[in-house]
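**Q** For the sequence shown, this note's numbering assigns the number 5 to the initial residue and increments by one for each residue that follows.
All C-beta atoms, glycine included, are put in the ideal place defined by N, C-alpha and C.
Because the structure is a prediction, the values reported are computed rather than measured.
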Amino acid sequence: MARLPAAARPSGLLSAAVTTTSRHGSTPATRGMTSRLEISSASSSTAGQLVLWTDYNPTWVGLDGVSFPV
């Protein structure tokens, strides 16, 4: 999905629940779904990579409340 700059990468694997919506988020069943976001640690081969685990194609991901020490 994205990659954080080197200065902003977590020291360990970060996993967080985030709010997402699907491409057709106009029904109650597809609005405000929860997905898992993982950010690779600074020492991994995929350092700083953001991966969203979901079974649909969200049009947005809410990062409110996602924080970690650098």
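By the three-class DSSP mapping on this structure, what secondary structure does Ala46 have?
**A** Coil, per DSSP.
**Q** Quick check: what's the CA-CA separation for Val74 versus Pro14?
**A** Going from the Cα of Val74 to the Cα of Pro14 covers about 5 Å.
**Q** If we ignore side chains and look at the alpha-carbon of each, how far apart do Leu8 and Tyr60 end up?
**A** Approximately 23 Å, taken between the alpha carbons.
**Q** Nearest-angstrom Cα distance between Val22 and Thr58?
**A** Each residue's alpha carbon lies about 10 Å from the other.
**Q** Return the bridge partner residues of Pro62 from the DSSP annotation.
**A** Pro62 is bridged to Ser26.
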